[in-house]
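> One structure, as structure tokens, below. Some questions next.
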Amino acid sequence: MKINGKPTRTIWLAADGWGVEIIDQTRLPHELVTVTLRSLDDAARAIKDMWVRGAPLIGATAAYGMALAARADSSLPALRAAYDTLHATRPTAINLKWALDAMMDSLASLSPADRLPAAYAQAAAIADEDVAICSAIGDHGLALIREIAAKKAPGETINILTHCNAGWLATVDWGTALAPIYKAFDAGLPVHVWVDETRPRNQGAALTARELSWHGVPHTVIADNTGGHLMQHKLVDLVIVGTDRTTRTGDVCNKIGTYLKALAAADNGVPFAVALPSPTIDWTVADGVAEIPIELRDEAEVTHISGKTADGNVVSVQLPPDGSAAANYAFDVTPARLVTWLITERGRCPASPEGLSTLFPEKGRS
Ligand code: MRU
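Spelled out as structure tokens, the structure:
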């Protein structure tokens, strides 16, 4: 996507050919700052501290982290240690393990001398594949938005609610949930996006609103508790979110609060779609609530909030009284029964074992 007219990805090679540049997303929306990762530890820190975030971008950054590790030491023990370091950064997004496994699969059988160029080539391939996957998700999601538009009066606004940030900032480019919205907007459809602010880290208010603004897509930021009210008043035509891990049965793990939106959507007959690249499907898991590890993050992310003051400084302030405990569960699981559609790079299907195996027959039935 473009920032001020310049095509930009979220991760790319630095001019020296080996450093890895990222956008420090903790500085958005008020500052656009890029950082060069030069070591395994840099990559691990960027993921853990959420300079980069979003399941597909976590995977791509981990892949480049393996390449940076290979630059220091391309022996198999060193690469296995790098795998473990990167794998420990964030527990929920399965794309992390998928990307690390892809890296190890392509490197393990090579001679140590061949591993370094192969690691950079494989990381670039993972990044490029993510772009192609997200673009295809955009095309399939656009078809759904067109179906919804066809049921409305010509020119009537199509209101789409999204939670967290599943846009291009969460991937290498295009995004998952936002890719269909960008394609609909570019095709001239009158879309408007309700942007859940997404407490506690405010990925909606800070990142989704930022990238929709860059692209010129009409949007409105809402407090997280607003969606149900909007749905009751027929002000939402479609909910579309991303996911960090979806089971082979169609249970969807995504940013905390997604489940409540799905409940409200089901109660109000609003279609609830989940956009997901196939590397986000965990074919080993059947019961999302019981089996998916939910990241528990620092309580300071709940007790403190940062923003820009009237004089332009970005500051952090405390919300609750001194001493109140806080709990920070980063994700929740929406059971498949509440999900209307899964949208993958291969097309759209019901959230069920049958639906997924129709699109991915090579994975077999659960
Ligand atoms: O904690 P985050 O910001 O990494 O969480 C991101 C999400 O929950 C996204 O919805 C998900 O990763 C899908 S991104 C295309």
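Using our numbering, the letters of the sequence shown map in sequence onto residues 981 to 1346. Idealized CB from N, CA, C, for every residue including glycine.
(1) Give the DSSP-derived three-state secondary structure of Ser1286 in the structure shown.
(2) For Ser1346, I'd like the list of residues in its chain whose CB is within less than 7 Å of its CB, leaving aside the five on either flank, ordered along the chain.
(3) Report all residues from its chain with a CB closer than 8 Å to the CB of Tyr1063; omit the five preceding and five following residues, and keep chain order.
(4) Given a cut-off of 8 Å, decide if Leu1141 and Val1216 are closer than it, judged by their beta-carbon atoms.
(5) List the DSSP bridge partners of Thr1229.
(6) For Asn1139, write down the residues that DSSP places opposite it in a beta bridge.
(7) Classify Val1295 as buried or exposed, calling it buried when 16 or more other Cβ atoms lie within 10 Å of its own Cβ.
(8) Taking C-alpha atoms, which residue in Asp1278, Thr1314, Asn1308 and Leu1243 lies nearest to Ala1270?
(9) Under the assumption that Ala1103 contacts Tyr1162 (Cβ atoms under 8 Å), give the Cβ distance between them as a whole number of angstroms.
(10) Once you ignore the five residues that flank Arg1326 on each side, which residues in its own chain have a CB closer than 6 Å to its CB?
(11) So Asp1004 is in the beta strand (DSSP E); what residue range does that whole segment cover?
(12) Exposed or buried, what is Ser1304 when buried is set at 16 or more other beta-carbons lying within 10 Å of its beta-carbon?
(13) According to the neighbour-count rule (16 or more other Cβ atoms, all chains shown, within 10 Å of its Cβ), is Val1297 buried or exposed?
(14) Buried or exposed: Thr1320, going by 16 or more other Cβ atoms within 10 Å of its Cβ?
(15) One question on the structure: do Ile1261 and Phe1311 come within less than 8 Å of each other, judged by their Cβ atoms?
(16) The beta strand (DSSP E) with Ala1255 in it runs from where to where?
(17) Judging by CA-CA distance, which residue of Ile1125, Asn1182, Pro1097 and Thr1041 is the nearest neighbour of Ala1253?
(18) Roughly how many whole angstroms lie between the Cα atoms of Pro1160 and Asp1053?
(19) Is Pro1259 close to ligand 1? I mean its beta-carbon at under 7 Å from any heavy atom of the ligand.
(20) Would you say Lys1028 touches ligand 1, meaning its beta carbon is less than 7 Å from a heavy atom?
(21) Going along the chain, which residues of its own chain have a beta-carbon closer than 7 Å to the beta-carbon of Lys1028, five neighbours each way excluded?
(22) Would Asn1075 and Pro1134 qualify as a contact pair, given that the criterion is a beta-carbon distance under 8 Å?
(23) Which residues mark the beginning and the end of the beta strand (DSSP E) in which Ile991 is found?
(24) According to DSSP, what are the bridge partners of Tyr1309?
(25) Identify whether Lys1131 lies in helix, strand or coil by the three-state DSSP scheme.
(26) Could you tell me the alpha carbon to alpha carbon distance between Gly1184 and Ile1202, rounded to whole angstroms?
(27) Indicate, with yes or no, if ligand 1 has a heavy atom lying under 7 Å from the CB of Asp1153.
(28) Is Cys1144 near ligand 1 - that is, is its Cβ less than 7 Å away from at least one heavy atom of it?
(29) Closer than 7 Å to a non-hydrogen atom of ligand 1 - does that hold for the CB of Arg1033?
(30) Pick out whichever of Pro1180, His1172 and Arg1179 has its Cα sitting closest to the Cα of His1195.
(31) Report the rounded CA-to-CA distance for Val1197 versus Ala1157, giving the unit in angstroms.
(32) Cβ-heavy atom distance between Lys1235 and ligand 1 below 7 Å?
(33) Which runs of the alpha helix (DSSP H), 4 residues or longer, sit entirely within the segment 996-1077?
(34) In this structure, how does DSSP classify Arg1328 when only helix, strand and coil are distinguished?
(35) Under 7 Å: does the beta carbon of Ala1082 sit that close to some heavy atom of ligand 1?
According to the structure data:
(1) As a working mapping, residue 1286 is identified with position 306 in the sequence shown. In the structure shown, Ser1286 sits in a strand (DSSP, three-state: E or B).
(2) One-based indexing of the sequence shown puts residue 1346 at position 366. Reliability fails at Ser1346, whose pLDDT of 49 lies under 50, so the model's placement of it is uncertain and the value that follows must be treated cautiously. Answer for Ser1346: Arg1228, Thr1229, Ala1266 and Pro1333, listed in chain order.
(3) Within the sequence shown, numbered from 1, the residue matching residue 1063 stands at position 83. Only residues of its own chain outside the window of five on either side were considered, and among them Met1046, Leu1080, Met1083 and Met1084 have a CB closer than 8 Å to the CB of Tyr1063, listed in chain order.
(4) Counting from 1 along the sequence shown, the entry for residue 1216 is found at position 236. Counting from 1 along the sequence shown, the entry for residue 1141 is found at position 161. Yes, Cβ-Cβ distance for Val1216 and Leu1141 is below 8 Å.
(5) In the sequence shown, residue 1229 corresponds to position 249, counting from 1. The partner list for Thr1229 (beta bridge, DSSP) is empty, contrary to what the question assumes.
(6) Here residue 1139 is taken as the residue at index 159 of the sequence shown, counted from 1. Under the DSSP definition of a beta bridge, Asn1139 partners with His1172.
(7) Counting from 1 along the sequence shown, the entry for residue 1295 is found at position 315. Exposed, because fewer than 16 other Cβ atoms sit within 10 Å of the Cβ of Val1295.
(8) Here residue 1270 refers to the residue found at position 290 when the sequence shown is read from its first residue. Per the Cα distances, Thr1314.
(9) Along the sequence shown, one-based indexing puts residue 1103 at 123. Along the sequence shown, one-based indexing puts residue 1162 at 182. Actually they do not touch by this definition, with Cβ atoms about 25 Å apart.
(10) As a position in the sequence shown, residue 1326 is number 346, starting the count at 1. Excluding its 5 nearest sequence neighbours in each direction, Arg1326 has C-beta neighbours in its own chain below 6 Å: Leu1339, listed in chain order.
(11) The sequence position of residue 1004 within the sequence shown is 24, counting from 1. Asp1004 -> no beta strand (DSSP E), and no H or E assigned at all.
(12) Your numbering for residue 1304 matches position 324 in the sequence shown. That one is exposed.
(13) The count along the sequence shown starts at 1 and reaches residue 1297 at position 317. Exposed: under 16 other Cβ atoms inside 10 Å.
(14) On the sequence shown, residue 1320 is found 340 positions in, with the first residue counted as 1. Around the beta carbon of Thr1320, 16 or more other beta carbons lie within 10 angstroms, which makes this residue buried.
(15) Along the sequence shown, read from residue 1 onward, the residue named residue 1261 stands at position 281. Along the sequence shown, read from residue 1 onward, the residue named residue 1311 stands at position 331. Contact flag unset, no.
(16) If you number the sequence shown from 1, residue 1255 lands on position 275. Counting along the chain, the beta strand (DSSP E) containing Ala1255 begins and ends at Phe1252 to Ala1255.
(17) On the sequence shown, position 273 is the one that residue 1253 refers to. Restricting attention to Ile1125, Asn1182, Pro1097 and Thr1041, the CA atom closest to the CA of Ala1253 is found in Ile1125.
(18) For the purposes of this step, residue 1160 is identified with residue 180 of the sequence shown, where counting begins at 1. For the purposes of this step, residue 1053 is identified with residue 73 of the sequence shown, where counting begins at 1. For Pro1160 and Asp1053, the distance between alpha carbons rounds to 41 Å.
(19) Counting from 1 along the sequence shown, the entry for residue 1259 is found at position 279. Incorrect: Pro1259 has no Cβ contact closer than 7 Å to ligand 1.
(20) What you label residue 1028 is simply residue 48 of the sequence shown in a count that begins at 1. Lys1028: no, Cβ never under 7 Å from ligand 1.
(21) Numbered from its first residue, the sequence shown carries residue 1028 at position 48. Counting only Cβ-Cβ distances below 7 Å, and skipping sequence neighbours, we find Thr1069 and Arg1070.
(22) Stepping through the sequence shown from its first residue, residue 1075 is reached at position 95. Stepping through the sequence shown from its first residue, residue 1134 is reached at position 154. No, Cβ-Cβ distance for Asn1075 and Pro1134 is not below 8 Å.
(23) Looking up residue 991 in the sequence shown gives position 11. It spans Ile991 to Leu993 - the beta strand (DSSP E) in which Ile991 sits, taken as one unbroken run.
(24) For the purposes of this step, residue 1309 is taken as the residue at position 329 of the sequence shown. BP columns for Tyr1309 point to Leu1276.
(25) Position 151 of the sequence shown, counted from the start, is the residue given in the question as residue 1131. Note: Lys1131 maps to coil in three-state DSSP.
(26) Stepping through the sequence shown from its first residue, residue 1184 is reached at position 204. Stepping through the sequence shown from its first residue, residue 1202 is reached at position 222. One C-alpha to the other measures close to 9 Å.
(27) For the purposes of this step, residue 1153 is taken as the residue at position 173 of the sequence shown. Checking the Cβ of Asp1153 against ligand 1 gives no.
(28) Sequence index remark: in the sequence shown, residue 1144 carries index 164 (1-based). Answer for Cys1144: yes, Cβ within range of ligand 1.
(29) Residue mapping note: residue 1033 aligns to position 53 of the sequence shown, counting from 1. True, at least one ligand heavy atom lies under 7 Å from that Cβ.
(30) As a first step, residue 1195 must be located in the sequence shown, where it is residue number 215. When only C-alpha atoms are compared, the closest one is His1172.
(31) Residue mapping note: residue 1197 aligns to position 217 of the sequence shown, counting from 1. Residue mapping note: residue 1157 aligns to position 177 of the sequence shown, counting from 1. Each residue's Cα considered, the two are about 14 Å apart.
(32) As a working mapping, residue 1235 is identified with position 255 in the sequence shown. Yes; taking the cut-off as 7 Å, the Cβ of Lys1235 has a heavy atom of ligand 1 nearer than that.
(33) 1020-1028, 1035-1052 and 1056-1067
(34) Within the sequence shown, numbered from 1, the residue matching residue 1328 stands at position 348. In this structure, Arg1328 counts as strand in the three-state DSSP scheme.
(35) Along the sequence shown, one-based indexing puts residue 1082 at 102. Flag unset: Cβ of Ala1082 not near ligand 1.
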